[in-house]
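Protein chains in written order, with the working numbering: chain A, 27 to 138; chain B, 27 to 138; chain C, 27 to 138; chain D, 3 to 431; chain E, 3 to 431; chain F, 3 to 431.
For each residue, glycine too, the CB sits at the ideal point set by N, CA and C.
Just so we're clear, the structure is a prediction, and the values are computed from it rather than from any experiment.
Just below is one structure, and these are the notes that go with it.
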Amino acid sequence: MKLITAVVKPHRLDEIKEALQAFGVHGLTVTEASGYGRQRGHTEVYRGAEYTVDLVPKIRIEVLAEDDDAEQLIDVIVKAARTGKIGDGKVWSLPVETAVRVRTGERGPDAL
Amino acid sequence: MKLITAVVKPHRLDEIKEALQAFGVHGLTVTEASGYGRQRGHTEVYRGAEYTVDLVPKIRIEVLAEDDDAEQLIDVIVKAARTGKIGDGKVWSLPVETAVRVRTGERGPDAL
Amino acid sequence: MKLITAVVKPHRLDEIKEALQAFGVHGLTVTEASGYGRQRGHTEVYRGAEYTVDLVPKIRIEVLAEDDDAEQLIDVIVKAARTGKIGDGKVWSLPVETAVRVRTGERGPDAL
Amino acid sequence: MNGTDTGFVLISAALVMVMTPGLALFYGGMVRSKSVLNMLMMSFISLGIVSVLWVLYGHSLAFSGDSGGFIGNLDMIGLKGVDAASTVASFVTDENGEAHQIATFAFSLFQMLFAVITAALISGAIADRVKFGAWMIFIGLWVTVVYFPVAHWVWGGGWLASLDTPVIDFAGGTAVHINAGIAALAVVLVVGKRVGFKKDPMRPHNMPLVLLGTALLWFGWFGFNAGSELGVDGVTAQMAINTQVATGAAMLGWLIYERIRHGAFTTLGACSGAVAGLVAITPSGGNVNIFGALLIGVVAGAVCSWAVSLKYKLGYDDSLDVVGVHLVGGVLGTLMVGFLAIDGKGGGDQFLSQAIGAFSVMGYTFVVTYILAFAIQKTIGFRASEDDEISGIDQAAHAETAYDFSSAASSHISPAQSSPAADAKKVEA
Amino acid sequence: MNGTDTGFVLISAALVMVMTPGLALFYGGMVRSKSVLNMLMMSFISLGIVSVLWVLYGHSLAFSGDSGGFIGNLDMIGLKGVDAASTVASFVTDENGEAHQIATFAFSLFQMLFAVITAALISGAIADRVKFGAWMIFIGLWVTVVYFPVAHWVWGGGWLASLDTPVIDFAGGTAVHINAGIAALAVVLVVGKRVGFKKDPMRPHNMPLVLLGTALLWFGWFGFNAGSELGVDGVTAQMAINTQVATGAAMLGWLIYERIRHGAFTTLGACSGAVAGLVAITPSGGNVNIFGALLIGVVAGAVCSWAVSLKYKLGYDDSLDVVGVHLVGGVLGTLMVGFLAIDGKGGGDQFLSQAIGAFSVMGYTFVVTYILAFAIQKTIGFRASEDDEISGIDQAAHAETAYDFSSAASSHISPAQSSPAADAKKVEA
Amino acid sequence: MNGTDTGFVLISAALVMVMTPGLALFYGGMVRSKSVLNMLMMSFISLGIVSVLWVLYGHSLAFSGDSGGFIGNLDMIGLKGVDAASTVASFVTDENGEAHQIATFAFSLFQMLFAVITAALISGAIADRVKFGAWMIFIGLWVTVVYFPVAHWVWGGGWLASLDTPVIDFAGGTAVHINAGIAALAVVLVVGKRVGFKKDPMRPHNMPLVLLGTALLWFGWFGFNAGSELGVDGVTAQMAINTQVATGAAMLGWLIYERIRHGAFTTLGACSGAVAGLVAITPSGGNVNIFGALLIGVVAGAVCSWAVSLKYKLGYDDSLDVVGVHLVGGVLGTLMVGFLAIDGKGGGDQFLSQAIGAFSVMGYTFVVTYILAFAIQKTIGFRASEDDEISGIDQAAHAETAYDFSSAASSHISPAQSSPAADAKKVEA
Ligand SMILES: Nc1ncnc2c1ncn2[C@@H]1O[C@H](COP(=O)(O)OP(=O)(O)O)[C@@H](O)[C@H]1O
Ligand SMILES: Nc1ncnc2c1ncn2[C@@H]1O[C@H](COP(=O)(O)OP(=O)(O)O)[C@@H](O)[C@H]1O
Ligand SMILES: Nc1ncnc2c1ncn2[C@@H]1O[C@H](COP(=O)(O)OP(=O)(O)O)[C@@H](O)[C@H]1O
């Protein structure tokens, strides 16, 4: 199994959810995050002083996937998240040793 | 070493903390998250329009564990988190290459 | 590739960012977290009742790094995060199977 | 009609009006973020329900005539017979000792808003765990069978006002605070404890909101207290300055007790202390001097600070301390003025009357409220389901959540079914 | 000069002042957290711009003389000729039927604050998506070509006040609410829909803020409505109690409709209902009895609750329902008083006058506002860029973000360039 | 006793009361979320401490008799001799030029609340870094040795009021704003900079709270300014309209400066500008015409907007710009009225008096405050520990945290030891 993590622009969340659903994935976990990279932040002004806020809001999505689906899923997410502008984010995948569904205790692919 | 991640119902956090402590694990990291799966969200009403909020609040717990403890720890968490209703969440484990305690620079099992 | 995760004291974020930048790493993702370990929480008082709040605010930083840089990066982060007091946090690294830059679809080291 | 006095009462009424949302915010900040809207609504709805009932029959039951000292009559239902030219007597008198006249509409509005906030006060005790529909029914019935009669006893020419030594209750220690406080206790005993009481601290989710609520209460209380003279004279001014001084002293009293006992000056303590002082000076402020006000304030602050921990010892879940602050503070102020009253009033007889006032209201209100709450619990059900309580009463009762600070805010939601507002779906309330 | 009446108008003015920030918070809580500051500022800036324009020439255009029933003259620009001793007539009269006199400065301040809030009201309809600089220009021009004339028609001795059966508009149903509501519609049609309208619910990010705003509005509205008598008499008191009763009834009306139609009593519904009641009683409250007020309230609540869903059906993005609440509520109140007016005024003639008032303002304001907004859009641009709208207008227009609750708050930022405030950088506004 | 004037002063007092919590929220929104409660409490506690000290001896020191022009006497400690029938003179006069009489209690309450807010104002300069216990002691001593004397100089018949050309200070430019502003500077120099000053922007954590605070200040300021006439006449109305106009103009002045200099119209700028205008019109508003008010407003807005950046250049950490806004704005208003005063008062002599007033207060207050703060720092310690400052003064000083929006809120906490409230543990305050 793989854990696919995507750090993307917040307003792409809906598209990604829909794309995943269309693909047949019905679960995911979302965390609020912020990040920077090529995309630098913006300037804010407080009481006559200007500052660069360099962390930009992002959404961090985690999806557990079976090994065979992982590559395709990454593509699905990348496609749905893309706006073509800097700051579109990263997607990465990690190997999972075991996964459990808490309610039933099922393990492995059955846990998804 | 393993990194055990659990995405569970917020109000189970206390039980999980207590169960881990009883097991002998004395550190963990918590993040606020939200997710969906079989458990779909609820309906909200604003100004004469109804909406489905499909992301449900969850708590994401991370625990670093020694290889030998990992399986047992997963069971401890799963047990403490279970309510038996849908939305109880997932637990998964990842292989860790190295872990460091920042204060002392200790590595590996000593870092826990 | 590796995913380096650091759970550290919030007010060290700036030093860590600067240290990473000096090292040549120009991207990272940050999440708000809280945790406990040796560092226990503090006492709060509400309406004549005292409570121990045992989760302490932390910052969770994720950096994708090339295999060769990983060890050095960990050291850079550990050094920048250290205050020498308990609660300084943990840094760990995980093996990454693949990473993609969403904007371009580049994979592997090029995605960083 | 005296313009000055009518104008003062009207502005005082506006100030009293703002106390109810102030209370909503005071209470709302103290609960957890998953039930703040329900807490706000429990107060806010009183502005809807009780305002309407007041003009329909409340004013009449409280202030029209008298039936055996217990309640008024129905001659003024719908404010029958009142028009813009109607007047009632103020407590302000002219050089000849004749009472100034103020517009009846102004008087009725002012009194209406007392009924509104008294009902709302109760809600803090049963935070996070009751059905909203049941609460709406409860307050409609409660003002009818409890508040309107008791207001009649104290201010409407009822039996408490007709004692040989009439009860001193300048602005509502018995009718408002003791009344709401003891009613709160009765309802708590019926609906029971929150899930996690004593184990889980359920700390305030938004302390600045609590302070804001306190500020609006304090501000509005000038209207509540000084306005109760129904016009402007030296007593009005005395009531106003005593209100400020007792409140300040009570804040200090609470904080000092708390610092000694628990080691910190808390923000919640400062706010609670202020409210305790406001409560205690309400019955008494027109009849004590500055030192009386200081004393009442500091005692009320310290004693209420101690009283809020009683719930842990005795095991009733008075969630936001309506009993500890309003009942205890109200009783303190009502009794203390028995001795501290100036102009030769203070003394044993007065104290006795004060005690009669306080305890008769406590007895009557406790019994009637308990029966009422119990009847609601046994019929439509008062207590919300445990699931709704755990996952948050806001969503269950109001189909809303209070805050959304997330950057992906909008994305978390998608329109229901095909079109918004498609089908009515029952949400339990 | 009558001190009581002048004092009452001054305090009423302070209450009306607080309505504009109240509106800011009411609106601000309803938008998403990325655009709350812009929403606050759209109201708040009106206190700057319109206050200044009012004393420069607004007062004069509205209240100095009369030019063909349409507008005043320029004799009082800069409040020329007014000093501390100047007075104008109140609606309060002495025993001989002579009008009390109040300080002109008090009258002017009171009226100024009506202009301020009317302009601010419009902003809710175009939340999240307009350039702030364009908005500033818009309201400056709008009060000049729309509000000042219309205020003159209704209150300044203009043609609506001179009809055989003069329009009843006690406190501003036509001049304020219908006016702002229809202007809002015109501007919405020019600037267009938000990105994501109908698809994305854009739910309120901070409901306690909405309730707080509602509370400040309700509180201030006593000054707005009762103060419109320009002094204190029985009618003032009648207006005040009717304001409270209609508002309470409207809250219930909205909630009941919502419960039946959508299954929940929402907090947003309670707040919106209260505002709808306040709007509807504004023109009528001095001329109806308690039952009239109850009826106007409950009807306004239920009808506006229905009216806010029209935007989904008809497809205009009136973001925070200025049309659904202020236009619809204002028209309801204005028309209903035609029949419900007491003292023998209600009836066909009066209804006709009311309709003339309502529809003439709707016609004039819609056309002129549309042209104005269109001209701004075609020249400097009214609508913000899509990028700014998506990433949040607060950052784009004000270089700020509303909240920072993060524990690493400070670390997210580092001083720009070498020293703070080094170089001026243009931020689009 | 004049009912109208007494009533007006009482309501004004209620409005002034709400300014202190307004200030608390204004300041509180500007700090980081880890120190908001401490910021709120530093203002709020003044309502406790200073109210009590005022009636104990403050009123007497400021307003009873005169000792060499410098201070009053102790004849009225505990408001000795004052009862509900006592009166003092208002500035309002009847046709014969005789002063109206208002209740002494009303006057004392009104003045008390000036002392309360003046002490609270100082706190903004030393946000986030002082011990709460030390602050409590500081303000108790400060009002005693600084405020009560200075209030006596200006309003109590002291030497500034006895100059040949008496200082014009209608509502407290010198006694309140210059006084608090220069005291703030002195305390800042003693306690030093925050950790991270100049490096870390420490941006406001909750801008809507700042705007709300501004709104409450603005609202209350009508009571502060207009109420200072101690009754209702044309001057009261003039003061009220000037307050509004200057504030609006100052908001625009600040925003325009900011837009040109830094490229954006910020919300913080609008709020700060409004406060700067309120400050500047305070001493002057009863003695200038509309154009004077506009000029004072726009100048104060622009100049204060520039002045707040001085702290970066000069290196003192006046955290929330008490010096930049209250000292600079207060001096501007005080000096400008020297030339702009109407009724033939403006001119060289008046300007000289104004300068004497401003600079004598600056000199006296700076020296005495510095000594006081220094003494506290050297004895019990004024500055909090660096650890407490970094991890958040709220937790260290008040054992509370301001917000808890987390969904697992309750789970983060578990009762201490065996039972709640078990042992008193000292928390450093
Ligand atoms: N090395 C990295 N490790 C972890 N997260 C990263 C890394 N680089 C970028 N990110 C995340 O990806 C987001 C977008 O990166 P950025 O470089 O701005 O965009 P792009 O991929 O279009 O060049 C950042 O905000 C950050 O959250
Ligand atoms: N494929 C997945 N990847 C990541 N997280 C998931 C996945 N499926 C479910 N989750 C997480 O688990 C939570 C519970 O899942 P759900 O399917 O509702 O419960 P159950 O396990 O009882 O069927 C979700 O809210 C989500 O946070
Ligand atoms: N076993 C663990 N798994 C995951 N996170 C941990 C673990 N132990 C500690 N942490 C994280 O590290 C932080 C610091 O740990 P702590 O033991 O207090 O400090 P130290 O490393 O100085 O002994 C905790 O707040 C928590 O977020």
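**Study point:** Residue from F:T216, F:W256 and F:G74 whose Cα sits closest to the Cα of G160 of chain F
**Key:** Closest in alpha carbon position to G160 of chain F, among F:T216, F:W256 and F:G74, is F:G74.
Review point. To which residues does DSSP link S119 of chain B through a beta bridge?
Key: A:T124 and B:I30
Check your understanding: Less than 7 Å separating the beta-carbons of G174 of chain E and Y29 of chain E?
Key -> no
Exercise for review: Run the CB neighbour count on S355 of chain E, radius 10 Å, all protein chains shown included, and call it buried at 16 or more, exposed below.
Suggested key: buried
Practice item. Determine whether the Cβ of S408 of chain D lies closer than 7 Å to any Cβ atom of chain A. Key: With 7 Å as the cut-off, S408 of chain D counts as an interface residue toward chain A.
Exercise for review: With a threshold of 6 Å, establish whether the CB of Q379 of chain E neighbours any heavy atom of ligand 3.
Suggested key: no
Exercise for review: Starting from V20 of chain F, find everything on chain D with Cβ-Cβ shorter than 9 Å and list it in chain order.
Suggested key: A217, L218, W220 and F221
Review point. Between S53 of chain D and Q246 of chain E, is the Cβ-Cβ spacing less than 7 Å?
Key: yes
Practice item. Rounded to whole angstroms, what's the CA-CA distance from T238 of chain F to D345 of chain F? Just pull it up for me. Key: 16 Å
**Study point:** C-beta neighbour in chain F for E88 of chain C, strict 7 Å
**Key:** Taking Cβ atoms only, chain F never reaches closer than 7 Å to E88 of chain C, which makes this a no.
Practice item. For V325 of chain D, collect the residues of the same chain with a Cβ closer than 6 Å to its Cβ; drop the 5 residues on either side in sequence, then sort them by chain order. Key: G183, A186 and L187
Check your understanding: So which residues on chain E does H400 of chain D lean against when the C-beta distance must stay under 7 Å?
Key -> By Cβ distance, chain E contributes A266, F267, T268 and T269.
Practice item. Run the CB neighbour count on K111 of chain B, radius 10 Å, all protein chains shown included, and call it buried at 16 or more, exposed below. Key: exposed
Review point. Can you find a C-beta in chain C that's less than 7 Å from the C-beta of I1 of chain F?
Key: Residue 1 of chain F lies beyond the residue range present for chain F, which begins at 3 and ends at 431; the question has no answer from this structure.
**Study point:** CB contact flag (V33 of chain C, T109 of chain B, <7 Å)
**Key:** The beta carbons of V33 of chain C and T109 of chain B sit no closer together than 7 Å.
Exercise for review: With DSSP as the reference, label S321 of chain E as helix, strand or coil.
Suggested key: Looking at S321 of chain E - three-state DSSP - the assignment turns out to be coil, as it is neither helix nor strand.
Review point. Would a check of beta-carbon distances place G53 of chain C closer than 7 Å to chain A?
Key: yes
Review point. By the criterion of Cβ-Cβ separation under 8 Å, what are the contact partners of V126 of chain B in chain C?
Key: Listed along chain C, the residues sitting closer than 8 Å to V126 of chain B by beta-carbon distance are I100, V104, K116, V117 and W118.
**Study point:** Between the CA atoms of V363 of chain F and P168 of chain F - distance to the nearest angstrom
**Key:** 15 Å
Review point. Nearest-angstrom Cα distance between S409 of chain F and G335 of chain D?
Key: 40 Å
**Study point:** Helix, strand or coil at S412 of chain E according to DSSP, with G and I counted as helix
**Key:** Unreliable placement is indicated for S412 of chain E, whose pLDDT of 39 sits below 50; no coordinate value is reported for it.
Review point. Which runs of the alpha helix (DSSP H), 4 residues or longer, sit entirely within the stretch 193 to 240 of chain E?
Key: 209 to 228
Review point. Alpha carbon to alpha carbon, how far is A122 of chain E from T22 of chain E?
Key: 7 Å
Check your understanding: Do you know offhand how far V305 of chain E's Cα is from F93 of chain F's?
Key -> 51 Å
Practice item. Consider the Cβ of V327 of chain F: report whether some Cβ of chain A lies at a distance smaller than 7 Å. Key: no
Point to revise | Interface partners of E58 of chain A on chain D, CB under 7 Å | key: Residues of chain D passing the Cβ test: S408 and S409.
Point to revise | Minimum Cβ-Cβ distance from A295 of chain F to chain D less than 7 Å | key: no
Review point. From R139 of chain C to D80 of chain C, what does the alpha carbon distance come to, in whole angstroms?
Key: Absent from the structure is residue 139 of chain C, since the part of chain C shown begins at 27 and ends at 138.
Check your understanding: Just reading off the beta strand (DSSP E) that V90 of chain F is part of, what are its end residues?
Key -> T89 to T95
Review point. If we cut at 7 Å on Cβ distances, does E33 of chain B have a partner in chain A?
Key: Checking the displayed sequence, the identity of residue 33 of chain B turns out to be Val instead of Glu. For V33 of chain B, the answer is yes, since a Cβ of chain A falls inside 7 Å of its Cβ.
Practice item. Measure the C-alpha to C-alpha separation of K313 of chain E and D319 of chain E and round it to an integer number of angstroms. Key: 6 Å
Review point. Can you name the residues of chain F whose CB is closer than 7 Å to the CB of A188 of chain D?
Key: Listed along the chain, the chain F residues whose CB falls inside 7 Å of the CB of A188 of chain D amount to none; the nearest CB is some 25 Å away.
Practice item. With 7 Å as the threshold, decide whether the Cβ of M209 of chain F is near any Cβ in chain E. Key: yes
**Study point:** E88 of chain A beta carbon near ligand 2 (any heavy atom closer than 6 Å)
**Key:** yes
Check your understanding: Three-state secondary structure (DSSP) at V84 of chain F?
Key -> It is coil, neither helix nor strand.
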